[in-house]
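Following: one structure in C-alpha cells, then a few remarks.
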Amino acid sequence: MARVTGTKRSILDAAVELASLNGITGTTMEDVAVRAGVAKGSVYYNFSSKDKLFEQLLLDGVGTLAETLREARGTKTGTPALRSMVDAILELVASNQPMAKLIAAEIFRTDRSWQSPLQLVRREALAEFVAVIQHAHPDRPDAELMAGTVFGAVLVGGIEWLVFSPDRSLQEVSDSVMFMLSGNLTA
C-alpha cells in the first residue's frame, strides 16, 4: 500500500483526530483545514468532498489492518497464528487510538457512501482470521462470521483496554482475549 505524505497526510491525520473526538458528522471540512494547518481549498483540492475524505481515511486504516494481519499470521497456523494476529490488532489500537475508534464506529454502519469499498477491504482483513479458522476446522460453514466476531471482540477489547484499563499491559490484554477465545470462559 502506498504511503500518503505531505499535505494529504496532514489532512488525513487531522480528520481522524477530529472524527475520534466529534464523530464524522460533527467534523467539518473547515475544522479539518484548521487542524491540518492548511487552507480549506487544499482540503477540497485533495478530497472533493467530506465523504471522499473519510472514505480514503477508512480505506487506508482498514487496509493497514489487513496488511498487518497478513504479516502477523505469515505461515503460522492455529493458536500461534491467532495469538500473533490478536497482538497485532492490539498493537495497532495502542499506536493509533483515534483510527481504532473511527474503525470501530464505522465498520458496522451500512448507511455511508463508503460502505461498499470499505467492506471489500474489511473482507480482506477478515480473510486472515478465516484462514486460521478453516485450517483448524475445515468443515465449519460459518468461518467468516466467526472471523468477524473475533475481529470485533479484539478491536473493541483493545479500545476498552486503552480507555478504561490503560494500566494493563498489552500482554495481559492479549492473554485475556486468548482465554476468552479458548472456550474456557464459561467452563
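The end of the sequence shown is residue 187 by UniProt numbering, with every number in the run present. Backbone N, C-alpha and C define an ideal beta-carbon position, used for all residues, glycine too.
Query                                                                                                                                                              : Result
Going by the CB atoms, is the gap between L82 and V132 shorter than 9 Å?                                                                                           : yes
Between the Cα of T64 and the Cα atoms of G23, A88, R112 and R109, which residue gives the shortest distance?                                                      : A88
Determine the extent of the alpha helix (DSSP H) in which W161 is found, giving its start and end residues.                                                        : A143 to F164
Between the stretch 8 to 20 and the stretch 29 to 45, do at least 3 Cβ pairs fall closer than 8 Å?                                                                 : yes
Where does D167 sit, in a helix, a strand or coil, going by DSSP?                                                                                                  : coil
Taking the alpha carbon of E106 as the reference point, which residue from T27, T7, G23 and K8 has its own alpha carbon closest?                                   : G23
Can you check whether the CB of L102 is closer than 9 Å to the CB of G61?                                                                                          : yes
Considering only the alpha carbon of each residue, which of R122, N46 and E55 lies closest to T68?                                                                 : R122
For the structure I just gave you, are there three or more beta carbon pairs, one from the stretch 167 to 185 and one from the stretch 90 to 104, closer than 8 Å? : yes
I'd like the span of the alpha helix (DSSP H) that includes F129, first residue to last.                                                                           : Q115 to A136
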